[in-house]
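Visitor:
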Amino acid sequence: MAEANLNPSIQVVTLKPAKGWLGIDLKELWHYRELIYFLTWRDIKVRYKQAVLGIAWSVLQPVLTTAIMTVVFGILLEVESDGLPYPVFALSALLPWHLFQLSLQKSSISLVGNANLLTKVYFPRLIIPLSSVLSAMVDFIISLILLFITMAIYKIPLTWNALWVIPLTLLTVLAALAVGLWLSALNVQYRDVQQMVPFLIQIWMYATPIVYPITTIPEGTFRYIYSLNPMVGVVQGFRWAFFGGSPPDMTLLISSLAVLLLLTSGLFFFRRMEKTFADVV
Amino acid sequence: MMDSDLSILVRGIGKRYKIGASQQRTDTLRDLITAQAARIGSSLRGKRNHSNETDHIWALRDVNFEVKRGQALGIIGRNGAGKSTLLKVLSRVTDPTEGYGELRGRVGSLLEVGTGFHPELTGRENIFLNGAILGMHKKEIEARFDEIVAFSEVEKFIDTPVKRYSSGMYLRLAFAVAAHLEPEILVVDEVLAVGDADFQRKCLGKMGDVANSGRTVLFVSHNMSAILRLTQDSIVLDKGKVLLRAPSSEAVDFYLNRGLSKLGERFWEVDEVPAFSAPFRPMAIRILDKNGHVSDSVRSVEPIRIEIDYELTEDVTGLRVGYYLFTTRGEPVFTSFDIDSEELFKEYTARPKGIYTSRCTIPPDTLNEGRFLLGVNASSYGIRRYFQDDQALSFSVDASGAPGTHWPEPRPGPVRPILGWEIEQKGSV
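Chains as they are written, first to last, in this note's numbering: chain U, 1 to 281; chain H, 1001 to 1429.
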């Protein structure tokens, strides 16, 4: 909280009890952008250290998941796949889903995992979950290349429409950040959260049209309620961007609104809780 | 808005913690749910659950002080006096519960060296990461990179993961990064408590440079000689309150006397003795003059008696009870234990439970004038340390009448022995 001063190069920091709800200080976040960069870089750098296969894991994970799903849902259960080859159908949805899942796993434990930083140094606390969400982007980009290869194998053409993936990815990151803010702040006080996250992720995955097409869900009110899950709009958007078909208009709109609501509330909740992080963690 | 030559201004700062807040690591949703249910239950029965003052503890209360720009301020206090909390509030790690403060300029805090070091990353990578965590920009780190590496003396291993470093190398690197941080206000807590003597000297030297370069430094340490060397003024904290703000030499003296005994005697309350000290329980330590009177001020030319009372709640084997004697600058003078002599060693190797006094006499003409500090130690060599209090009791020695006092000059050095001088004339002119 810098105040105007005779000497503009010297900022005055005010210490006082924080009360009530606080907004976010974007100027301060910008000032600390290098820390965001270094923490993200650290998370990426450290993730596959001392693993024999190293970064290859980020290729293997989506490949293996797609293979398992293709066998179980595509071949054995013969689940419908919008007329697409099942591996392409599954991989296109797993792409944003894995980004969301990894971000959630990392961000929910991020504050507790960085307790030594929280209790020793000041910086905007928001940086911690933010950088763990950002570090999941590396795996996403690798999976994206994997999808292009798979599409080439199945001779599915890539259109300009695929550029929609960029805003859709941003939406995924925001959705993950929104939930991550809630969970990481709660986890500081209640370690139950980190026990719950794996189940939450499982339930969430089945509540998202990944292994099955959205047409399984009846249209109308029920579909709208279903779309409150932000990942529904995202996954539908991804499939539409790559393979065309009917645009996910209403679904995506509802999902985006849900993200907005979750993110705003998450930010406020986080800012309210953060003043006690160093005392409680 | 404060005066422009002030760097730090603190008004009525207080910090309250819930009792046991730090132990509530197992805080679970179940606890929350049951607590909420209990609260609803009691409010249904018409009972109000008052937020009781006794559930809370004020780690800091009504703290006021200011620091001028370029001044180095020492913060002195026993463990639990609120020093760390004060530094945490000042470095914005935690918010105060009440009060107001202003800090002019970038605050760099060294509450611990190596904060954020990652064992898997190399020395080079950790320099950048740690620098960023401490608030340095990438360009600043790049500009000082060579200097940091040179200071740390780990050039050869700079591209090796730090988990392969020895603890000494790790600390040197960590301190090197921190030492090259250049904020307007530097907050330092006990950094010097780590590392070997050489490294500590180097750190102290660097801290001295920082303090002399016109930056404001807040320095917390138990090392009184470091406080005296690095700071001009100090505040003494006790139970979360500022007891004194004075020039450091005065503050150190005040601190060493206070809480300890005014009369050359110190009793340990039950709650001052950690549970793991059992079966050894210290009771008292006192200084006696030649007439056997408890005294805070003894004479150099007379014998000085030191007594330590303690209880053994069980039979103990191999116990030795003794003291370290320090000057108030923290320099050790000597160490002595009650079973140092072979005779007593044989007789008291096994001590049955009971109440004991270990007594010793410092012969006349041993100590120079000045203030001294006794640290108590009770241990079984190579087995365990039962109890240690490095600041058990302090006392003054008066040199009047000692050899050489016919010159009214202070003599340096903690001891003032009578030495057998001879003067021989090698012929006459």
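Virtual Cβ for every residue (Gly too), placed ideally from N, Cα, C.
In the DSSP assignment, find the unbroken beta strand (DSSP E) run with residue 1361 of chain H in it and report its ends.
Guide: 1354 to 1362
Visitor: Quick one: what's got a C-beta closer than 6 Å to residue 1423 of chain H's C-beta in the same chain, skipping five residues either side?
Guide: Cβ neighbours of residue 1423 of chain H beyond the five flanking positions: none.
Visitor: Count the other CB atoms within 10 Å of the CB of residue 231 of chain U; is the residue buried (16 or more) or exposed (fewer)?
Guide: With 16 or more other Cβ atoms within 10 Å, it is buried.
Visitor: Would you decide whether residue 161 of chain U is buried or exposed? Buried here means 16 or more other CB atoms lie within 10 Å of its CB.
Guide: exposed
Visitor: Along chain U, in chain order, which residues have C-beta atoms closer than 7 Å to that of residue 1132 of chain H?
Guide: 34, 35, 38
Visitor: Please decide whether residue 48 of chain U counts as near chain H, where near means a Cβ-Cβ distance under 7 Å.
Guide: no
Visitor: Helix, strand or coil: which one does DSSP assign to residue 1117 of chain H?
Guide: coil
Visitor: Given that a residue counts as buried once 16 or more other Cβ atoms are within 10 Å of its Cβ, and exposed if not, what is residue 1180 of chain H?
Guide: buried
Visitor: Please decide whether residue 129 of chain U counts as near chain H, where near means a Cβ-Cβ distance under 7 Å.
Guide: no
Visitor: Could you give the distance in angstroms between the alpha-carbon of residue 275 of chain U and the alpha-carbon of residue 1092 of chain H?
Guide: Take the alpha-carbon of residue 275 of chain U and the one of residue 1092 of chain H: they are about 10 Å apart.
Visitor: Say whether the region 40 to 47 of chain U touches the region 1115 to 1128 of chain H, bearing in mind that this needs 3 or more beta-carbon pairs closer than 8 Å, one atom from each stretch.
Guide: yes
Visitor: Please state whether DSSP places residue 1349 of chain H in a helix, a strand or coil.
Guide: coil
Visitor: With 8 Å as the C-beta to C-beta threshold (strictly closer), list the residues of the region 1099 to 1132 of chain H near chain U in chain order.
Guide: 1099, 1100, 1101, 1102, 1103, 1104, 1105, 1106, 1107, 1109, 1111, 1112, 1115, 1116, 1118, 1120, 1121, 1125, 1128, 1129, 1132
Visitor: Assuming residue 1108 of chain H and residue 1161 of chain H make a contact with CB atoms under 8 Å, what is their CB distance in whole Å?
Guide: Going by Cβ atoms, the distance from residue 1108 of chain H to residue 1161 of chain H rounds to 26 Å, so no, they are not a contact pair.
Visitor: Since residue 15 of chain U meets chain H, which of its residues come closer than 8 Å, beta carbon to beta carbon?
Guide: 1010, 1013, 1089, 1090, 1092, 1095, 1096, 1099, 1100, 1101, 1102, 1103
Visitor: Would you mind reading off the limits of the alpha helix (DSSP H) that contains residue 129 of chain U?
Guide: 127 to 135
Visitor: At a CB-CB cut-off below 8 Å, which residues of chain H make contact with residue 275 of chain U?
Guide: Near residue 275 of chain U (Cβ distances below 8 Å), the residues of chain H are 1094, 1095.
Visitor: 7 Å is my cut-off, CB to CB: does residue 117 of chain U come that close to chain H?
Guide: yes
Visitor: Considering only DSSP beta bridges, list what residue 1316 of chain H is partnered with.
Guide: H:1351
Visitor: Using only CA atoms, which one of H:1345, H:1325, H:1336, H:1384 lies nearest to residue 1370 of chain H?
Guide: H:1325
Visitor: Please list, in chain order, all residues of the same chain as residue 1350 of chain H whose beta carbon is under 6 Å from its beta carbon, the five residues on each side excluded.
Guide: 1317
Visitor: Below 8 Å, can you find three or more Cβ-Cβ pairs linking the region 1211 to 1223 of chain H to the region 1057 to 1071 of chain H?
Guide: yes
Visitor: For residue 1388 of chain H and residue 1323 of chain H, what's the separation of their Cα atoms in angstroms?
Guide: 9 Å
Visitor: Where does residue 1431 of chain H fall in DSSP's three states?
Guide: Lying outside 1001 to 1429, the shown extent of chain H, residue 1431 of chain H is not represented and no answer is given.
Visitor: Of all the residues that make up the region 1133 to 1159 of chain H, which are near chain U by a beta-carbon distance shorter than 8 Å?
Guide: Going along the region 1133 to 1159 of chain H in chain order, one finds 1133, 1134, 1135, 1137, 1138 with a Cβ nearer than 8 Å to chain U.
Visitor: Does DSSP classify residue 80 of chain U as helix, strand or coil?
Guide: coil
Visitor: Would you say residue 12 of chain U lies against chain H (beta-carbon separation less than 7 Å)?
Guide: yes
Visitor: Give the residues of chain U in contact with residue 1017 of chain H, contact being defined as C-beta atoms less than 7 Å apart.
Guide: 279
Visitor: So which of U:184, U:186, U:114, U:87 has the shortest CA-CA distance to residue 150 of chain U?
Guide: U:87
Visitor: So, at 6 Å on beta carbons, what are the nonlocal neighbours of residue 284 of chain U in its own chain, with the 5 sequence-adjacent residues on each side left out?
Guide: Since the first residue of chain U shown is 1 and the last is 281, residue 284 of chain U is not available in this structure.
Visitor: What would DSSP say about residue 1337 of chain H, mapped onto helix, strand or coil?
Guide: strand
Visitor: In three-state terms, what does DSSP make of residue 1091 of chain H?
Guide: coil
Visitor: With residue 200 of chain U as the anchor, note down where its alpha helix (DSSP H) starts and where it stops.
Guide: 192 to 206
Visitor: Please confirm if the region 1394 to 1413 of chain H is in contact with the region 1280 to 1297 of chain H, defined as three or more CB-CB distances below 8 Å between the two stretches.
Guide: yes
Visitor: Does DSSP put residue 246 of chain U in a helix, in a strand, or in coil?
Guide: coil
Visitor: Could you tell me the alpha carbon to alpha carbon distance between residue 143 of chain U and residue 1124 of chain H, rounded to whole angstroms?
Guide: If you take the alpha carbons of residue 143 of chain U and residue 1124 of chain H, they lie about 30 Å apart.
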